[in-house]
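Contents: one structure, followed by commentary.
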């Protein structure tokens with residue numbers, strides 16, 4: 510159906526709800542009058558720069574409008590128009606000056622350097638100014654001879670021969686390098702710490718200590734097999750090393766069995782207790798008597814609780830019917846004992862117990878009002894007595910009658 514409107518700008522005489530001159534079909538904001546023309550037509554434009562307020566990064570300043578990363582810096586002067594954490598790059602190396610931003614330039618005034626992983630003040634770019642030869646070691650940065658050892662004597666792995674690429678270490682301090690294939694090599698690598706082991710086989714050449722002839726990491730003074738790198742200790746003294754020995758304490762129990770059952774495989778006095786146990790085939794998992802009792806006892810208990818939970822609503826309905834069917838206080842108290850016992854056995858929920866208690870109280874008030882006269886009331890004598898033992902409740906119930914619950 511054609512309708513006459515009041516649009517005058519894009520179309521003449523079409524519907525224009527907001528009255529801004531643009532027809533609703535051509536108006537990006539048909540219900541709000543506006544004069545934007547750049548990004549959207551007919552939307553509010555507070556600063557009259559042609560950009561709608563929603564698309565204008567600076568809606569109150571007509572001289573600027575674009576701010577794609579929303580960092581408050583107009584894109585024409587923002588060196589990083591797509592990064593809200595950076596906006597200035599003083600040295601033009603492509604890394605922002607903001608130290609808290611992404612990819613911050615550690616050297617904002619040096620276009621040849623920008624990264625410094627170890628924070629030692631030397632740039633990681635090997636071709637830049639003041640480059641770091643050890644980018645992950647803050648104690649070293651220069652390596653004049655290029656042998657991989659730093660020139661800083663106070664740093665780690667420093668070079669004792671900073672101008673000789675073939676030598677870097679001198680264990681005995683005689684001024685000759687220890688590298689036998691290098692220049693000015695030391696022909697006699699003697700024992701610097703005088704512990705009876707030549708420095709070439711001494712794991713601690715500058716500290717007097719027992720050696721390690723088989724180089725297994727176990728010092729010879731503690732090594733029961735000093736020439737066998739596969740063995741170190743022999744805890745039970747049977748002549749077989751602990752690595753190969755399957756029973757290190759000779760108590761008759763394999764080490765793997767002792768570890769699985771929580772006893773010390775290196776102590777003959779600590780052995781597993783013989784007990785009934787089932788080992789799950791293909792695993793190292795054993796189920797003892799207590800585990801099995803928990804499984805076979807817990808499953809029936811869980812089943813009982815699940816059954817009680819699933820049948821609570823029907824059971825509550827049956828108790829309501831029983832309560833409503835009582836004709837005197839004695840019958841009412843008998844039914845009340847039944848549902849209280851069911852509540853104790855978790856066959857009813859707490860909210861259902863409250864519901865039944867309210868119904869019981871209402872019925873009790875009604876019976877009392879009919880039976881007792883004010884002149885005959887004796888406050889020292891209760892109207893009835895309670896059974897000493899709760900009645901037995903069968904766990905199997907018939908489906909409830911479909912009467913609405915009150």
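Numbering (my numbering), first residue to last: 510 to 915. For each residue, glycine too, the CB sits at the ideal point set by N, CA and C. Please read these numbers as outputs of a predicted model, since none were measured by experiment.
Looking only at its own chain, which residues have a Cβ that is under 7 Å from the Cβ of residue i, when we skip the five neighbours before and after it?
{"i": "residue 617", "result": "599, 600 and 606"}
{"i": "residue 633", "result": "624, 625, 626, 641 and 644"}
{"i": "residue 550", "result": "531, 535, 536 and 537"}
{"i": "residue 669", "result": "677, 678 and 679"}
{"i": "residue 521", "result": "none"}
{"i": "residue 738", "result": "723, 724 and 725"}
{"i": "residue 548", "result": "560, 561 and 564"}
{"i": "residue 780", "result": "760, 762 and 772"}
{"i": "residue 757", "result": "744, 745, 751, 764, 774 and 775"}
{"i": "residue 824", "result": "851, 856, 857 and 906"}
{"i": "residue 861", "result": "821 and 825"}
Need the endpoints of the alpha helix (DSSP H) that residue i sits in, please.
{"i": "residue 822", "result": "821–834"}
{"i": "residue 609", "result": "Residue 609 -> no alpha helix (DSSP H), and no H or E assigned at all."}
{"i": "residue 541", "result": "Here residue 541 belongs to no alpha helix (DSSP H), and DSSP marks it neither H nor E."}
{"i": "residue 847", "result": "838–853"}
{"i": "residue 751", "result": "Where residue 751 is concerned, there is no enclosing alpha helix (DSSP H), given that its DSSP letter is neither H nor E."}
{"i": "residue 767", "result": "764–769"}
Would residue i pass as an interface residue toward chain D - the criterion being a Cβ-Cβ separation below 8 Å?
{"i": "residue 605", "result": "As a matter of chain content, chain D is missing from the structure shown, which is built from one protein chain."}
With 16 as the cutoff for other CB atoms within 10 Å, does residue i come out buried or exposed?
{"i": "residue 591", "result": "exposed"}
{"i": "residue 872", "result": "buried"}
{"i": "residue 671", "result": "buried"}
{"i": "residue 868", "result": "buried"}
{"i": "residue 622", "result": "buried"}
{"i": "residue 936", "result": "Since the first and last residues shown for the chain are 510 and 915, residue 936 lies out of range."}
{"i": "residue 540", "result": "exposed"}
{"i": "residue 853", "result": "exposed"}
{"i": "residue 828", "result": "buried"}
{"i": "residue 683", "result": "exposed"}
{"i": "residue 747", "result": "exposed"}
{"i": "residue 874", "result": "exposed"}
{"i": "residue 630", "result": "exposed"}
{"i": "residue 716", "result": "exposed"}
{"i": "residue 911", "result": "Interpretation of residue 911 is limited by its pLDDT of 46, a score under 50 that renders its predicted location unreliable; the figure taken from the coordinates is listed afterwards. By the neighbour-count rule (16 or more Cβ atoms within 10 Å), residue 911 is not buried but exposed."}
{"i": "residue 696", "result": "exposed"}
{"i": "residue 712", "result": "exposed"}
So, at 8 Å on beta carbons, what are the nonlocal neighbours of residue i in its own chain, with the 5 sequence-adjacent residues on each side left out?
{"i": "residue 667", "result": "649, 658, 659, 660 and 661"}
{"i": "residue 569", "result": "555 and 556"}
{"i": "residue 579", "result": "566 and 593"}
{"i": "residue 734", "result": "723, 740, 741, 743 and 750"}
{"i": "residue 588", "result": "595, 596, 597, 598 and 605"}
{"i": "residue 613", "result": "595, 604, 605, 606 and 607"}
{"i": "residue 953", "result": "With the chain covering 510 to 915 only, the question about residue 953 has no answer from this structure."}
{"i": "residue 654", "result": "668, 670, 671, 672, 673 and 674"}
{"i": "residue 759", "result": "745, 747 and 777"}
Skipping 5 residues on each side, what residues in its chain have a beta carbon closer than 6 Å to that of residue i?
{"i": "residue 552", "result": "537, 538, 543, 545 and 561"}
{"i": "residue 582", "result": "596"}
{"i": "residue 558", "result": "571 and 574"}
{"i": "residue 656", "result": "674 and 677"}
{"i": "residue 884", "result": "Interpretation of residue 884 is limited by its pLDDT of 49, a score under 50 that renders its predicted location unreliable; no figure is taken from the coordinates."}
{"i": "residue 691", "result": "675 and 676"}
- Message: Using 8 Å as the cut-off, can you tell me whether the region 770–781 makes contact with the region 751–761, which would need three or more C-beta pairs spanning the two stretches below that distance?
- Response: These segments touch.
- Query: Hey, which unbroken runs of the alpha helix (DSSP H) at 4 residues or more fall wholly within the region 636–673?
  - Reply: Fully enclosed alpha helix (DSSP H) runs of 4 or longer: not present.
- Task: May I have a chain-ordered list of the beta strand (DSSP E) segments no shorter than 3 residues that lie completely inside the region 561–636?
- Result: Considered as a whole, the region 561–636 harbours no complete run of any beta strand (DSSP E) with no fewer than 3 residues.
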